[in-house]
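Everything in the sequence shown is counted per our numbering, starting at 15 for the first residue and increasing by one. Heads up, the beta-carbon is just placed ideally off N, CA and C, and yes, glycines get one too. Computed from a predicted structure; not experimentally measured.
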Amino acid sequence: LQDALRGLGNVLQTIATVLLLSDPRDIAVAVLDDSAEMKTAFEPDVVLYDNYPGGIGQSEPLFRRRKELIVAALELTSACPCDAGCPSCVGPHNENGTRGKEGAIRILRKILAG
């Protein structure tokens with residue numbers, strides 16, 4: 015699951031940069047795993063945030079375009095001809111594991127399904 019979450023974070027960050035016409039360094043991603051404090055459910059988080067103290071105004075427009083972000087991330091990842099991940103989609107498979115791309119696609123589909 016960690017591979018999928020890292021891949022998901024990478025593709026969301028890439029798409030967010032394009033949607034907002036921002037520098038790739040303006041938006042950062044954090045993958046938070048609460049499993050150490052897990053009581054009844056495993057609820058990992060992938061967080062995109064302004065990468066500057068006080069922010070530069072990227073979070074609100076990105077939140078408003080969240081569905082567009084998810085749809086574009088799924089389209090990019092699904093259309094990418096690589097087998098297991100590459101710098102053009104979820105990131106290299108040697109960083110995200112051989113199932114990172116497959117897992118990221120599954121998560122994106124579940125998000126869109128509601």
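- Query: V85 by DSSP, collapsed to three states: which one?
  - Reply: helix
- Item | Host alpha helix (DSSP H) of V104 (start-end) | Counting along the chain, V104 falls outside any alpha helix (DSSP H), and DSSP gives it neither H nor E.
- Message: Between which residues of its own chain and N65 is the CB-CB distance below 7 Å, once the five residues before and five after are set aside?
- Response: R39, D40, I41 and A42
- Can you name, in chain order, every residue of its own chain whose Cβ lies under 8 Å from the Cβ of L76, other than the five neighbours on each side? A30, L33, L34, I41, L62 and L83
- H107 to G71, Cα distance in whole Å? 32 Å
- Rounded to a whole number of angstroms, what is the C-alpha to C-alpha distance between E57 and K124? 14 Å
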